[in-house]
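Novice: Just so you know, the protein sequences line up as chains D and L, in that order.
Its first residue numbered 437, the first sequence is counted upward by one per residue in the working numbering.
Its first residue numbered 290, the second sequence is counted upward by one per residue in the working numbering.
Following this message is one structure expressed as structure tokens.
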Amino acid sequence: MGRLVCIDPVTRIEGQARISLHLDDAGVLVDARLHVLEVRGFEAFCVGRPFTDMGAITSRICGICPVSHLLAAARAGDQLLAVTIPAAARQLRELLNLAQILQSHALSFFHLSCPDLLLGWDSDPARRNLFGLMAAEPDLARAGIRLRQFGQRIIELLAGRAIHGLWAVPGGVLTPLGLEAQAWILDRLPEARAAARLALERYKTLLDGPLQQEQSRFGRFPSLFLALVGPQGRWAHLDGDLRLADAAGGWIGEPIDPLAYGELIAEAVEPWSYLKFPYIRSLGYPEGIYRVGPLARLNVCRGIGTPWAEAELVELRQRSGPVLLASFAYHHARLVEIVVCLEAIERLVEDPGLRSAQVRAKASLNRWEAVGVSEAPRGTLFHHYRVDPDGLITHVNLIIATGQNNLAINRTLLQVAQATIPSPLAANAEIPEAILNRVEAGLRCFDPCLSCSTHAAGQMPLLVQLIDARGELLAERSR
Amino acid sequence: MELIQLWLNDQAVTVSVGTSLLAACRAAGLTLPTLCHLDGLTPVGACRLCLVEIAGCSRLQPACTTAAADGQRVHTHTQELLDLRRMAVELFFAEGNHICAICVANGNCELQSMAVLVGMDHSRFPAQAPQRDVDASHPRFTLDHHRCILCTRCVRVCDQIEGAHVWDVAYRGEHCKVIAGLDQPWGAVAACTDCGKCVDACPTGALFRKEEGLTGKQPDPAGPARLRLARDQGRWWIP
Chain D
437 MGRLVCIDPV TRIEGQARIS LHLDDAGVLV DARLHVLEVR GFEAFCVGRP FTDMGAITSR
497 ICGICPVSHL LAAARAGDQL LAVTIPAAAR QLRELLNLAQ ILQSHALSFF HLSCPDLLLG
557 WDSDPARRNL FGLMAAEPDL ARAGIRLRQF GQRIIELLAG RAIHGLWAVP GGVLTPLGLE
617 AQAWILDRLP EARAAARLAL ERYKTLLDGP LQQEQSRFGR FPSLFLALVG PQGRWAHLDG
677 DLRLADAAGG WIGEPIDPLA YGELIAEAVE PWSYLKFPYI RSLGYPEGIY RVGPLARLNV
737 CRGIGTPWAE AELVELRQRS GPVLLASFAY HHARLVEIVV CLEAIERLVE DPGLRSAQVR
797 AKASLNRWEA VGVSEAPRGT LFHHYRVDPD GLITHVNLII ATGQNNLAIN RTLLQVAQAT
857 IPSPLAANAE IPEAILNRVE AGLRCFDPCL SCSTHAAGQM PLLVQLIDAR GELLAERSR
Chain L
290 MELIQLWLND QAVTVSVGTS LLAACRAAGL TLPTLCHLDG LTPVGACRLC LVEIAGCSRL
350 QPACTTAAAD GQRVHTHTQE LLDLRRMAVE LFFAEGNHIC AICVANGNCE LQSMAVLVGM
410 DHSRFPAQAP QRDVDASHPR FTLDHHRCIL CTRCVRVCDQ IEGAHVWDVA YRGEHCKVIA
470 GLDQPWGAVA ACTDCGKCVD ACPTGALFRK EEGLTGKQPD PAGPARLRLA RDQGRWWIP
């Protein structure tokens with residue numbers, strides 16, 4: 437008789453989810469599914485609102501990456517106004533997004549993933565959390581918390597609030613960078629760089645030791661990758677061309693016009709999850725699997741353009757191959773992006789142009805449809821709006837990074853489960869918590885934000901279920 | 290000037306005949322909360338926040354529309370009145386769609402400040418979440434009916450100060466709303482002079498300049514009184 441294993445709730449992710457592992461009659465694992473249990477309906481209730489509200493409304497989707505939604509909404513707003521924003525505004529938005537990526541990656545790596553990576557998959561679950569990390573490696577935990585604070589404080593200095601500031605608007609931003617803010621950032625940069633260096637050194641010792649196999653095998657499969665790239669194919673996060681790359685890292689076709697994203701991406705739905713399944717339309721569902729986020733950005737770009745990060749990227753590719761195919765490499769990619777963010781912040785903040793008073797282009801509504809694209813910490817983010825002649829929203833579609841990774845997350849879960857759960861599984865065999873934790877960790881590689889991806893509210897737990905061939909629940913493990 | 294004496298919370302107060310109870314309270318240093326009242330406009334007693342107890346009167350009376358009378362004994366801050374004021378504010382929040390987090394008036398909203406003043410930390414009434422419209426047809430201003438509390442300040446300031454009378458109140462009960470030009474889209478109303486007095490008088494984020502949709506609203510509720518004073522004194526402007 438088949439079985440169902442449930443991990444419910446999943447912990448140390450942003451949002452509420454359940455993982456189910458499906459076994460056939462012979463006890464062989466045949467499927468793994470991430471069930472996202474939240475729905476909020478932002479796309480419905482935004483209809484009828486002025487387009488100028490979209491930054492405020494959509495940034496409330498999430499408390500971790502409100503900046504990403506704010507910037508995507510502002511960029512869509514730029515297009516509705518049909519303006520070219522001032523150079524200073526473009527740079528200031530870049531600074532905001534870099535700080536956002538930095539703080540979110542720090543949260544993912546230090547707070548959410550380090551307990552697994554440093555304390556071990558098999559460590560006591562009661563201590564396998566940030567507090568356990570603080571007890572075991574206080575210097576690293578402190579560095580991580582301070583690094584995240586650095587990013588959050590930059591956001592606060594620019595936007596007035598660390599969370600849900602409404603500073604980026606259609607046409608630019610509201611205020612330039614103040615001298616005091618600039619001084620604070622420059623003052624704290626050396627400490628932030630030291631934190632990143634410490635994390636990279638510590639992580640590489642793990643890759644050379646206990647995590648050697650994970651880096652090359654954990655969630656490894658070919659897929660397409662989608663990301664923005666800048667001039668000469670450089671790593672980009674806000675302005676740039678949208679590029680699709682294949683599993684060998686080669687760009688496919690020409691740069692993609694964001695307004696034509698619907699020709700590239702289609703969205704499938706499954707009855708067992710509120711999270712949609714975006715896929716590459718031309719390849720069909722589910723063959724059109726692709727990944728976005730730090731891994732994809734590093735695979736799609738031809739280089740980074742800042743010295744330290746460039747060197748780290750070269751080393752990462754030496755360790756993992758020219759194209760990063762293992763989902764586990766998201767962690768390392770995140771650390772490399774933390775370095776990019778720090779170097780880019782340093783370069784930007786010293787530019788006197790950021791104190792220019794000309795930070796906003798003003799216009800009234802000139803277009804009725806727009807797609808704002810930005811790179812959120814977890815990947816490419818699309819905000820598609822249509823408005824009526826008065827500027828009231830008539831249609832909204834939000835395509836969120838975690839949604840775009842949905843097929844890849846499920847593929848990763850299945851692969852990790854197949855690699856770790858004995859097969860065939862005896863009918864009454866217990867699955868150790870440490871093994872289920874590895875399955876959870878397959879999800880954590882993606883740093884999923886389920887609140888964002890379903891635009892949904894909820895708590896932060898995860899459930900793993902074991903389901904038999906007839907769909908009956910045989911066992912579940914939850915926290 | 291004929292003077293009268295009344296007792297406000299057992300304190301003797303002397304005011305001139307024709308003074309409203311609200312003005313008498315303020316003259317005596319008492320703070321009565323109001324939302325529909327605006328100096329320079331005629332009072333209407335719509336918000337019910339300035340209700341007071343008058344000895345010998347079986348019903349509570351709004352201080353803004355009740356004249357002070359000689360020998361009157363008035364209580365303004367009994368526990369019952371405080372409870373009723375809080376309840377009135379809770380009803381405002383339950384009746385409309387007041388989402389401070391995404392409102393242009395967040396931080397500059399009289400309804401929000403009133404909630405703090407009366408100690409409202411939640412509403413005991415289920416939110417009605419009404420389906421309402423946004424009128425963005427005017428080239429400079431937007432009317433968001435979700436945030437309107439029907440104080441009618443806009444109606445009165447347009448009629449009494451600007452003299453354009455663009456606004457009225459139409460429909461009944463839960464469908465009651467302010468309308469422009471006999472229920473036309475605001476942008477189609479030729480009588481509107483685009484002066485923005487209604488926006489400055491609005492206590493919430495219901496009326497705002499389109500620019501303020503990005504920057505946040507900076508209302509000017511003292512405008513009508515300033516204009517009224519300037520006209521009385523024959524001056525074109527009082528800063």
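Even glycine gets a Cβ: it sits at the ideal position worked out from N, Cα and C.
Kindly indicate the opening and closing residues of the beta strand (DSSP E) around L:L292.
Specialist: L292 to L297
Novice: Do you know offhand how far D:N533's Cα is from D:D461's?
Specialist: 50 Å
Novice: Would you say D:L828 faces chain L, with C-beta separation under 9 Å as the test?
Specialist: Interface with chain L (9 Å Cβ-Cβ cutoff): D:L828 is included.
Novice: Does DSSP put D:D677 in a helix, a strand or coil?
Specialist: strand
Novice: Considering only the alpha carbon of each residue, which of D:C442, D:G608 and D:G463 lies closest to D:I455?
Specialist: Minimum Cα distance to D:I455 is reached at D:C442.
Novice: Should L:V446 and L:A480 be called a contact, given that it needs their Cβ atoms to be closer than 9 Å?
Specialist: The Cβ atoms of L:V446 and L:A480 lie no closer than 9 Å to each other.
Novice: Is D:Y697 helix, strand or coil by DSSP?
Specialist: In the structure shown, D:Y697 sits in a helix (DSSP, three-state: H, G or I).
Novice: For the stretch 383-406 of chain L, list every residue whose C-beta sits within 7 Å of some C-beta in chain D, in sequence order.
Specialist: For the stretch 383-406 of chain L, which is checked against every Cβ of chain D, the residues closer than 7 Å are A390 and I391.
Novice: For the stretch 347-417 of chain L, which segments carrying the alpha helix (DSSP H) assignment without a break, of at least 4 residues, lie completely within its bounds, in sequence order?
Specialist: 368-384 and 399-406
Novice: Kindly provide the ranges of any alpha helix (DSSP H) runs that are 4 or more residues long and lie completely inside the stretch 762-810 of chain D, ordered along the chain.
Specialist: 765-785
Novice: I'd like to know whether the C-beta of D:K798 is nearer than 9 Å to at least one C-beta of chain L.
Specialist: yes
Novice: Taking only beta carbons into account, state which residues of the stretch 477-498 of chain D come closer than 8 Å to chain L, listed in chain order.
Specialist: G484, R485, P486, T488, D489, A492, I493 and R496
Novice: Look up D:A604 in the DSSP assignment and give the residues it is bridged to.
Specialist: For D:A604, DSSP records a beta bridge to D:V609.
Novice: Flag D:L610 as yes if its beta-carbon sits less than 9 Å from any beta-carbon of chain L, otherwise no.
Specialist: Interface with chain L (9 Å Cβ-Cβ cutoff): D:L610 is included.
Novice: For the putative contact between D:G739 and D:R783, defined by C-beta atoms under 8 Å, what is the C-beta separation to the nearest angstrom?
Specialist: About 15 Å; that fails the 8 Å criterion.
Novice: Of all the residues that make up the stretch 500-513 of chain L, which are near chain D by a beta-carbon distance shorter than 7 Å?
Specialist: G502, L503 and T504
Novice: Would a check of beta-carbon distances place D:P522 closer than 9 Å to chain L?
Specialist: For D:P522, not one C-beta of chain L is nearer than 9 Å to its own C-beta.
Novice: Taking C-beta pairs closer than 8 Å, name the residues in chain D that L:V423 reaches, listed in chain order.
Specialist: Within 8 Å Cβ-Cβ: G484, R485, P486 and L828.
Novice: Quick one: residues in its chain with C-beta nearer than 6 Å to the C-beta of D:L473, no 5 flanking neighbours on either side, listed in chain order?
Specialist: Q452
Novice: Within the 9 Å Cβ cut-off, does D:V605 reach chain L?
Specialist: yes
Novice: Starting from D:Y639 and walking both ways along the alpha helix (DSSP H), at which residues does that stretch end?
Specialist: L615 to L643
Novice: At a Cβ threshold of 9 Å, is D:L440 touching chain L?
Specialist: no
Novice: Considering only the alpha carbon of each residue, which of L:V405, L:Q294, L:C465 and L:R520 lies closest to L:A357?
Specialist: L:Q294
Novice: Taking DSSP's pairing of strands, which residues face L:Q420 in a bridge?
Specialist: Beta-bridge pairing links L:Q420 to no other residue.
Novice: Please work out which residues of its chain come closer than 7 Å, Cβ to Cβ, to L:A335, disregarding the five sequence neighbours upstream and downstream, and give them in chain order.
Specialist: C325, L439, C440 and T441
Novice: Beta-carbon separation of D:I583 and D:A635 under 9 Å?
Specialist: Before going on, a small fix: residue 583 of chain D reads as Leu here, not Ile. Yes, the Cβ-Cβ distance between D:L583 and D:A635 is below 9 Å.
Novice: Consult DSSP for D:N833 and reduce its assignment to one of helix, strand or coil.
Specialist: strand
Novice: Determine, using beta carbons only, whether D:L594 comes closer than 9 Å to chain L.
Specialist: no
Novice: Run the CB neighbour count on D:G827, radius 10 Å, all protein chains shown included, and call it buried at 16 or more, exposed below.
Specialist: buried
Novice: According to DSSP, simplified to helix, strand and coil, what is D:T742?
Specialist: coil
Novice: Is L:Q350 near the ligand MG, going by C-beta to nearest heavy atom under 8 Å?
Specialist: Within the structure as shown, the ligand MG is missing, as the structure has no ligands at all.
Novice: At what residues does the beta strand (DSSP E) containing L:Q300 begin and finish?
Specialist: Q300 to S305
Novice: So, is the C-beta of L:G360 closer than 9 Å to a C-beta in chain D?
Specialist: no
Novice: On the criterion of 16 or more Cβ atoms from any shown chain inside 10 Å, does D:N802 qualify as buried, or is it exposed?
Specialist: exposed
Novice: Report the option in D:G907, D:W620, D:R796 and D:F882 whose CA atom is closest to the CA atom of D:V605.
Specialist: Residue D:R796 is the option with its Cα nearest to D:V605.
Novice: Measuring alpha carbon to alpha carbon, tell me which of L:A316, L:C353 and L:Q507 ends up nearest L:L327.
Specialist: Residue L:C353 holds the alpha-carbon nearest to the alpha-carbon of L:L327 among L:A316, L:C353 and L:Q507.
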